[in-house]
Amino acid sequence: MALDKSYLEYSHRSHGMDHDRYDWSMLTDRPKITWPDGKKLALWVNVPLQFFPLDQKGEPFKIQGGMTMPYPDLRHFSLRDYGNRVGIFRFLKAFDKYGVTPTFAMNTQLAKRNPYLLNTITERGNEVMCHGMHMDALHYGGQDKQLETQLVQDSVNQLRELTEQNITGWLSPGRNESENTPELLAANGIEYFCDWVNDDMPYRFKTNKGNLWAMPLSNELDDAFIMLNNLHSEDSYAEQMIDACDFLLKEANHSGGRILSLNIHPWMLGQPHRIGALEQVLEYVMSQDVYSASASDILQAFTSQTTT
Amino acid sequence: MKSDPGFYDYWPYENRPKIRWPGGKKMAFWVAPNIEFYELNPPANPSRKAWPQPYPATQGYSIRDYGNRVGHQRQMDLLDKYGIRGSISLSTALCDHHPEIIQMCKERNWEFFSHGIYNTRYTYGMSEQQERDMIKDSMETIYQHTGQKCAGYLAPALSHSELTLDLFAEVGTELFGNEGGIYTCDLFHDDQPTPIHTRSNKPFVSIPYSLEMNDTIAFVVNKIEPRRYGNMLKKNFDRLYAEADESGTIMCIPTHNYQVSCPHRMKAFEEALDYITSHDDVWVATGKEIADHYLEHYYEQAKTDIAQKNAALGPAATHKGAK
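One line per chain: the protein sequences are A and B, in this order.
With UniProt numbering, the residue at position 34 of the first sequence is 34, and numbering never jumps.
With UniProt numbering, the residue at position 301 of the second sequence is 301, and numbering never jumps.
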């Protein structure tokens with residue numbers, strides 16, 4: 001019994017990362033950032049607006065939050081659709097009540113299917129980023145490059161037409177990528193994307209079609225990760241967000257501005273028994289020394305102070 | 001395959017010889033940060049997949065990278081604040097990838113022990129020679145970069161062979177004589193150190209490294225809330241502290257910079273460290289310091305006690321230790 005000798009060869013064992021996508025850099029070695037008006041903490045509330053097709057193919061895997069029952073899985077289809085009909089309107093009220101500026105990550109297919117919701121979002125003037133075509137149109141390793149090229153083009157361009165916005169941000173469905181996704185995003189005018197979770201601040205991500213910014217959208221603080229994956233209670237969710245807010249504010253005192261990113265799903269926190277937890281979090285965070293802004297504005301404030 | 005690995009004999013948790021730690025302290029406390037490097041595109045192992053998705057596994061890879069980019073410094077600052085020196089379970093390739101982290105830990109006189117080369121290279125399927133080479137490489141790397149003679153082992157990603165502990169003990173002797181390869185964190189059978197049989201029969205000990213208190217097990221496998229984790233740590237401490245009146249105990253918190261150092265988890269972790277270190281009768285130590293003290297003062301006594309108790313029970317009680 002033995003493994004192939006390549007299993008004990010380490011071709012990337014040298015300084016820095018084991019790939020050339022971004023440079024190795026510790027957060028503490030970077031310049032200190034100050035948010036507009038001297039604020040210490042930027043609040044990025046990111047709302048995925050999603051369409052989960054009933055006829056889910058699940059290639060190459062079934063996405064979390066997607067269909068799990070034999071076709072037709074009316075239960076999960078309609079539970080997710082609930083977010084776009086009901087939950088989102090609870091969100092919008094809460095944002096307005098506490099003065100929060102949200103960013104919406106929208107599936108292009110949803111924007112096509114649901115003009116009322118699209119109008120509601122675009123009339124508010126909030127930033128919309130592209131969240132891919134829909135929740136069963138995954139980007140994944142080994143995917144046919146031509147198909148993915150078309151998928152990115154269609155998703156971004158159609159959303160630009162529908163929203164009449166520039167669309168510079170991207171969040172992959174399931175936060176999954178192929179080895180070509182970053183190049184395809186850069187080639188389609190995307191400036192920042194939110195799939196990688198290795199930092200608490202923006203950083204440069206290299207592609208051979210121009211560099212992107214990786215924006216730090218925490219998955220550990222994601223409402224579905226906490227309540228659907230980890231099965232924590234609504235009360236615990238609120239505690240975790242408040243503890244995170246306190247910690248980042250404290251760290252910002254000596255390390256420069258930080259970002260609290262809340263990725264929240266209307267089908268999750270928009271439920272009647274959960275919306276109170278979101279309101280509690282927003283009330284608490286907005287009472288602190290906080291800069292509430294869109295992902296683009298946060299990135300703009302960041303890049304205006306750094307060249308890294 | 002064996003029905004029992006044969007590393008240790010049964011030894012009930014009562015009426016054992018009494019342990020006291022340096023300074024007469026009744027309890028030893030150590031924190032073991034795992035500082036790991038996971039590869040984005042590792043070679044395939046026949047028994048275990050490194051990532052659930054086809055390359056690139058953006059999510060799994062990047063949250064682990066978060067530990068090195070963001071989390072390490074946070075946890076280190078916290079351990080500094082409470083006067084705790086970490087005992088690092090190290091993916092030793094990190095000496096090459098991120099020597100800046102190694103340097104910071106070196107400056108603080110933290111301990112480095114081997115956690116393999118990469119946490120995406122599993123022991124499964126290796127020949128004896130391959131596993132020996134991998135272990136030797138990892139121990140030599142620690143020595144070259146830190147000057148430390150690696151004393152402890154935690155197999156990469158807890159992937160073992162039947163020979164893992166034997167090989168680690170032997171390579172330790174080969175490289176560093178009695179100072180190398182003296183303790184393992186791979187076994188979870190006890191709350192006190194226990195002598196371990198290896199085929200070289202060298203003095204070798206298992207040091208409790210609690211899987212239950214391990215943040216990744218707590219947060220990822222058991223999916224517990226951050227504040228509950230903080231409470232568990234305190235309860236774990238309270239009980240071991242009370243029991244230490246009878247004989248010295250050990251508490252270990254194994255951590256990961258990509259878990260406990262996330263913003264929503266730091267507060268509860270800090271509260272637990274503050275609580276634990278506010279007690280007087282605690283020796284805050286490293287894994288090697290605990291192993292050294294035990295081997296010098298209690299190892300022989302323990303072996304004798306185990307042998308006597310098992311001899312009194314007749315032949316059925318001793319078969320497991322025979323190798």
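Built from N, CA and C at the ideal position, the CB exists for glycine as well.
Taking C-beta atoms under 8 Å as the contact rule, residue 162 of chain A and residue 131 of chain A fail to qualify, at a distance of about 13 Å. Of all residues in the region 160–191 of chain A, the ones placed with a Cβ closer than 7 Å to any Cβ belonging to chain B are 175, 176, 177 and 179, in chain order.
Residues of chain B with a Cβ closer than 7 Å to the Cβ of residue 45 of chain A do not exist, since the nearest Cβ in that chain sits about 16 Å away. Following the DSSP letters along the chain, one finds residue 131 of chain B inside the alpha helix (DSSP H) bounded by residues 128–146. Residues of the region 192–213 of chain A whose Cβ lies closer than 9 Å to any Cβ of chain B, in chain order: 195, 196, 197, 198, 199, 200, 201 and 203. Residues of the region 250–269 of chain B with a Cβ closer than 8 Å to any Cβ of chain A, in chain order: 262, 263, 264, 265, 266, 267 and 268. When the alpha-carbon of residue 139 of chain B is set against those of B:162, B:111, B:161 and B:163, the nearest one is in B:111.
Around the CB of residue 267 of chain B, 16 or more other CB atoms lie within 10 Å, so the residue is classed as buried. Residue pairing for residue 150 of chain B: DSSP places it in no beta bridge. At least one CB of chain A lies nearer than 8 Å to the CB of residue 40 of chain B. In the DSSP assignment, residue 302 of chain B falls within the alpha helix (DSSP H) that extends over 299–313.
Contacts with chain B at 8 Å (Cβ-Cβ) do not include residue 234 of chain A.
Per DSSP, residue 161 of chain B lies in no alpha helix (DSSP H) segment and is marked neither H nor E. Counting only runs that start and end inside the region 37–89 of chain A, the alpha helix (DSSP H) elements of at least 4 residues fall at 74–82.
The residues 28 and 208, in chain order, have a CB closer than 6 Å to that of residue 250 of chain B in the same chain once the five nearest residues on each side in sequence are set aside. For the region 251–302 of chain B, the continuous alpha helix (DSSP H) assignments of 4+ residues that do not extend past its boundaries occur at 266–277 and 287–297, in sequence order.
For residue 93 of chain B, DSSP records no beta bridge to any residue. The beta carbons of residue 177 of chain A and residue 58 of chain B sit about 5 Å from each other, so the pair counts as a contact at 8 Å. By the Cβ rule, the region 254–269 of chain A counts as touching the region 76–96 of chain A, because three or more pairs are nearer than 8 Å. Excluding the 5 residues flanking it on each side, residue 91 of chain B has same chain C-beta neighbours closer than 6 Å at 36, 37, 115, 118 and 119, in chain order. Cβ contact annotation for residue 207 of chain A (same chain, cutoff 6 Å, sequence separation greater than five): 182, 183 and 186, in chain order.
Taking a beta-carbon distance threshold of 8 Å, residue 274 of chain A does not count as an interface residue toward chain B. Neighbours of residue 59 of chain B in chain A, taken as residues at a C-beta separation under 9 Å, are given in chain order as 174, 175, 176, 195, 196, 197 and 219. Excluding the 5 residues flanking it on each side, residue 190 of chain A has same chain C-beta neighbours closer than 8 Å at 130, 156, 167, 168, 169, 170 and 212, in chain order. When the alpha-carbon of residue 38 of chain A is set against those of A:122, A:253 and A:277, the nearest one is in A:253. Per DSSP, residue 58 of chain B is one residue of the alpha helix (DSSP H) stretching across 58–66. Comparing C-alpha distances from residue 145 of chain B to each of B:105, B:181, B:158 and B:134 shows the shortest one belongs to B:105. Contact between residue 75 of chain B and residue 236 of chain B does not hold, since their C-beta atoms are separated by about 19 Å, which reaches or exceeds 8 Å.
Residue environment analysis places residue 145 of chain A among the exposed positions, since fewer than 16 neighbouring C-beta atoms fall within 10 angstroms of its C-beta.
Taking 8 Å as the cut-off, the beta carbon of residue 56 of chain A is found closer than this to the beta carbon of residue 136 of chain A. Secondary structure of residue 106 of chain A (DSSP, three-state): strand. Distance between residue 231 of chain A and residue 67 of chain A, taken at the CA atoms: about 18 Å. When beta bridges are read from the DSSP output, residue 189 of chain A appears opposite no residue.
At least one CB of chain B lies nearer than 8 Å to the CB of residue 28 of chain A.
Secondary structure remark: continuous alpha helix (DSSP H) runs of at least 4 residues inside the region 111–199 of chain A, in chain order: 115–124, 145–163 and 181–187.
For residue 27 of chain B, the enclosing beta strand (DSSP E) starts and ends at 27–35.
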